[in-house]
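Okay, structure first, notes after.
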DNA sequence: GGGCATGTTAGCAC
DNA sequence: TGTGCTAACATGCC
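In the numbering used here, the protein residues as written are 23 to 297.
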């Protein structure tokens, strides 16, 4: 579920924003792995051994990954995928706790719980985070409009699935891809190389704006999978199939592209160039 | 029961 | 090599 704004919100929360003490400076006292497959590397037993006693020096984000930099130069990486979530608890997790996959006790007595109903999320502990992150493309604010336009010209894929490709661009998921394409007036099935440089620049700015606004809103809350966020009230196309476009009054449509839903306004986002 | 889901990857066809 | 399609991962919701 979480895309860049939701993961960024988690990173800020783990740094102690939003009124709860964070993770910075805390030592991990105990590690309980309830679902060993949640740990990608090393194996769950080794992961627990190596993480115990470590101190978190900094929390960062890259794309949709959360990063904890430890005092021994190792890094914890977490990808929440579709349904992973984190929360604080004051007591050890109940043995019957449903969906609990991993739990950490800190030196201040609190527990950080990782729950993941669908079991898609993964944790890594490594001295070389680039082995996990190396494939990621730039985030939308790490590329110039000219460079972005040039990369689009080199691709024949349709623009919407391309925006979801983390090698091409890091951090953009289904919600914000749809929202940015609508804001830029670009049809999701347009071939990337047919975008003019004007359209490419408009799309890049739209991505930056949508993500920045969503971070300010602490992300988008749809169900129990993500506890915060108010951006759902600003969505203009995502999950609005059949409803009226706020811009032009046409009915929002849904399209199947690369196995994912694409929501768009047929009037604001024509199939031909809109430069 | 069927279809859907804020994510990612592998295998295969073209 | 790039692209698209399907399945897989595993579960819950409508």
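Glycine included, every Cβ here is placed at the ideal spot set by N, Cα and C.
Since the structure is predicted, the reported quantities are computational estimates derived from the model, not experimental observations.
Item                                                                                                                             : Value
Length of the line joining the Cα atoms of residue 273 and residue 252                                                           : 24 Å
CB-CB length for residue 240 against residue 162, believed under 8 Å                                                             : No, residue 240 and residue 162 are not in contact; Cβ-Cβ is about 19 Å, not under 8 Å.
Backbone secondary structure at residue 67 - three-state DSSP                                                                    : helix
Neighbourhood of residue 262 by C-beta, 8 Å cutoff - its chain only, sequence neighbours within 5 removed                        : 274, 285
Cβ-Cβ separation, residue 131 to residue 26 (assumed contact under 8 Å), whole Å                                                 : Their Cβ separation, rounded to whole angstroms, is 32 Å, which puts residue 26 and residue 131 out of contact at 8 Å.
Reduced DSSP secondary structure (H/G/I, E/B, other) of residue 260                                                              : coil
Alpha carbon of residue 112 to alpha carbon of residue 185, nearest angstrom                                                     : 40 Å
C-beta contact flag for residue 93 and residue 76 at 8 Å                                                                         : yes
Cα-Cα separation, residue 36 to residue 45                                                                                       : 5 Å
Under 8 Å between C-beta atoms of residue 256 and residue 235                                                                    : yes
Chain-order list of residues whose beta-carbon lies under 6 Å from that of residue 62 (same chain, five-residue window excluded) : 144, 146
Cut-off 6 Å between Cβ atoms - residues of its own chain near residue 123, not counting five sequence neighbours on either side  : 56, 57, 60, 136, 138
For residue 289 and residue 153, the rounded distance between their alpha carbons                                                : 44 Å
CA nearest to the CA of residue 85, picked from 190, 242, 266                                                                    : 190
Residue 33 versus 90, 66, 70, 95, residue with shortest Cα-Cα distance                                                           : 90
In DSSP terms, what residue 223 is bridged to                                                                                    : Partner(s): none; residue 223 has no beta bridge.
Residue 206 vs residue 225 beta-carbon contact at 8 Å                                                                            : yes
Environment of residue 99 [buried if 16+ CB atoms lie within 10 Å]                                                               : buried
8 Å Cβ cutoff met for residue 20 and residue 174                                                                                 : With the chain covering only 23 through 297, there is no way to say anything about residue 20.
Local conformation of residue 289 per DSSP, three classes                                                                        : coil
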